[in-house]
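Right, one structure below, let's go through it.
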Amino acid sequence: MTVQTITTQCCIAGGGPAGMMLGLLLARAGVDVTVLEKHADFLRDFRGDTIHPSTLELMHELGWMDELLALPHTKVSMLRFQSGSHDVIVGDFTHLPTHARYIAIMPQWDLLDFLARKASAYPGFHLRRRTEVTDLLRDRGQVVGVQARTPDGSLEVRASLVVAADGRSSTVRQHSGLEVDELGAPMDVLWFRVTRKPGDPTDPMGRFERGQIFILINRGDHWQCGRVIAKGAFELLRQRGLDAFREDFARLAPFMADRAQEISSWDDVKLLTVRVDRLRTWSQPGLLCIGDAAHAMSPVGGVGINLAVQDAVAAANLLAAPLRQGRVTPQDLHRVQQRRELPTRLTQRAQVFIQDRVLGPALRTPSDRTGLPLPLWLVQHVPALRRIPARLVGMGFRPEHVRTPATPATPPSH
Ligand SMILES: Cc1cc2nc3c(=O)[nH]c(=O)nc-3n(C[C@H](O)[C@H](O)[C@H](O)COP(=O)(O)OP(=O)(O)OC[C@H]3O[C@@H](n4cnc5c(N)ncnc54)[C@H](O)[C@@H]3O)c2cc1C
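Counting in our numbering, the sequence shown runs from 1 upward without gaps.
Take a look at the structure:
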């Protein structure tokens, strides 16, 4: 097996939302950037397919929002929650100060393909698929590149800066030795899909009944269904059997009871092990972690992609100039953490509060109570309050804006 060595200004491990957005913005700002993605394509199921209003606003700032929204998607303007006979709107995005006042639900691979297509117009952008980062290269205490595995042999990428954007099981973060604080999560999520029929509701829904919590997301021709379970309870559910699982589903979503048989085996049900954690320090000389690699997010609120994208924008804003000058200092890297740590902490604190105070107890002690919990009662009776969750989910605590300059792109060849 051959060892190939290449040199770039910025090497990004991972072509998810964080890595692709950062790669695109740096290349657009005239930086030579190489993104290494271990998979051959962006096709993976149940990865999280929400594009939030603040991410759409970034696309607007870049002049690409209409082109992105020409791709097939569904729109979510309201977040609903049903419990017993109550049907409560918990979030209303229609008042947000953004150009798109909704969440666009679009397969994540379409978003990533779109970013890759836009990025490829800049001569400094290089995406290497089927390239798995396996280790860090160091020289006198400083990270100077990565070691990677490709189908053609080993690859060494030497770079002024390595960015770990390789997700919540980050290999780079493991090799960095950076310390991680685990925040814990009392739950896991099971994802599966059933057909959507004409006449079905359009809005996504949360359903909460006798200790069972379901999430239903309209994906056009099908429903993406999530069942929230107590941590580690999947094995118990499997022992109860698939019929019992289907019965629970039919009871929670009666309008889809006729489709419960579509869950034909446990292979149709994917387990997401929920993890919430955060690095104490996001960088060391020559290395920066962003997105899930810096902070794995709970699925509560579905904000992980949004935060990953916001980290990427902040990192590009702060690092494009030092990268172009070939001089990225530890202080430059620390500034990214200073910018993004507070919104991350506040978001995780809100998620952990909901996990520990609402979801966890509900899963542990099923009750037949028909009244609404106080926060839901409040949003039901004071509609203006629905703007608060909408703002936090749709825009986050600190929305970022593109501040990097644009170098000329090469027009696409036809
Ligand atoms: C089942 C599920 C459902 C979710 N639903 C939502 C949702 O609805 N909304 C939402 O906002 N968030 C959701 N999330 C969370 C969201 O997917 C993440 O927060 C977000 O994708 C983080 O982006 P990222 O770019 O940091 O990491 P990732 O999206 O995890 O991307 C990391 C990339 O790095 C690649 N990679 C990994 N290791 C290596 C390596 N060693 N070398 C090279 N490449 C590597 C991976 O293949 C991947 O492409 C969900 C997560 C899961 C697992």
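Each residue gets a CB set at the ideal place from its N, CA and C atoms; glycine is no exception.
Bear in mind the structure is a predicted one, so any value in this text is a computation, not a measurement.
| Item | Value |
| --- | --- |
| A233 versus V352 - alpha carbon distance | 19 Å |
| V88 to L318 span [Cα, whole Å] | 41 Å |
| Coil, strand or helix - P297 by DSSP | Rather than Pro, the amino acid found at residue 297 in this sequence is Met. M297 falls in the coil class under three-state DSSP. |
| Completely contained beta strand (DSSP E) runs for the stretch 276 to 322, where each covers 3 or more residues | 277 to 279, 287 to 289 |
| Among I6, L36, L71, L385, nearest to G19 - alpha-carbon criterion | L36 |
| Closest residue to L378 among W64, L56, T74, H86 (Cα-Cα distance) | H86 |
| Integer Cβ distance of V146 from C289, believed to fall under 8 Å | Their Cβ separation, rounded to whole angstroms, is 13 Å, which puts V146 and C289 out of contact at 8 Å. |
| Endpoints, the beta strand (DSSP E) within which K231 is located | Careful: K231 lies outside any beta strand (DSSP E) and carries neither H nor E. |
| Ligand 1 heavy atom lying under 7 Å from the CB of H222 | no |
| Contacting residues, own chain, Cβ-Cβ under 7 Å from E415 (five flanking each side not counted) | This structure leaves residue 415 out entirely; the chain is present only between 1 and 414. |
| Helix, strand or coil at V379 according to DSSP, with G and I counted as helix | helix |
| Through-space distance from G15 to L43, alpha-carbon basis | 12 Å |
| Terminal residues of the alpha helix (DSSP H) in which I354 lies | 330 to 354 |
| Three-state secondary structure (DSSP) of H414 | Note that H414 has pLDDT 49, beneath the 50 cutoff, so the model's placement of it is unreliable and the number below is only indicative. Residue state, collapsed to three classes: coil. |
| Anticipated Cβ contact below 8 Å, M21 with V309, distance rounded | 5 Å |
| 8 Å Cβ shell around H414 - same chain, five flanking residues per side excluded | Residue placement at H414 is poorly supported in this model, since its pLDDT is 49, which falls under 50; the coordinates still yield a value, given next. So no residue of the chain qualifies. |
| Best match in P285, D113, M395, A121 for proximity to D332 [C-alpha to C-alpha] | P285 |
| As assigned by DSSP and simplified to three states, the class of D41 | coil |
| Proximal residues to L68 (C-beta, below 7 Å), its chain only, five neighbours per side dropped | M59, F114 |
| With 16 other Cβ atoms within 10 Å as the buried cut-off, status of A384 | exposed |
| Check whether R251 and T195 have beta carbons under 8 Å apart | no |
| H99 and L56 closer than 8 Å at C-beta | yes |
| Secondary structure of W64, DSSP reduced to three states | coil |
| I388 (DSSP reduced to helix, strand or coil) | helix |
| Separation of G241 from T273, as counted between CA atoms | 20 Å |
| Cβ-heavy atom distance, R391 to ligand 1, below 7 Å | no |
| Classification of L71 by the beta-carbon crowding that lies within 10 angstroms, buried from 16 upward | exposed |
| Residues sharing a beta bridge with F93, DSSP | Paired residues: none, contrary to the question. |
| Start-end ranges of the alpha helix (DSSP H) lying completely within the stretch 222 to 274, minimum 4 residues | 234 to 240, 242 to 252 |
| V172, buried or exposed, once every other Cβ within 10 Å from all chains shown has been counted against 16 | buried |
| Secondary structure of D139, DSSP reduced to three states | strand |
| Per-residue burial, H73 [other beta carbons within 10 Å of its own, 16 or more giving buried] | buried |
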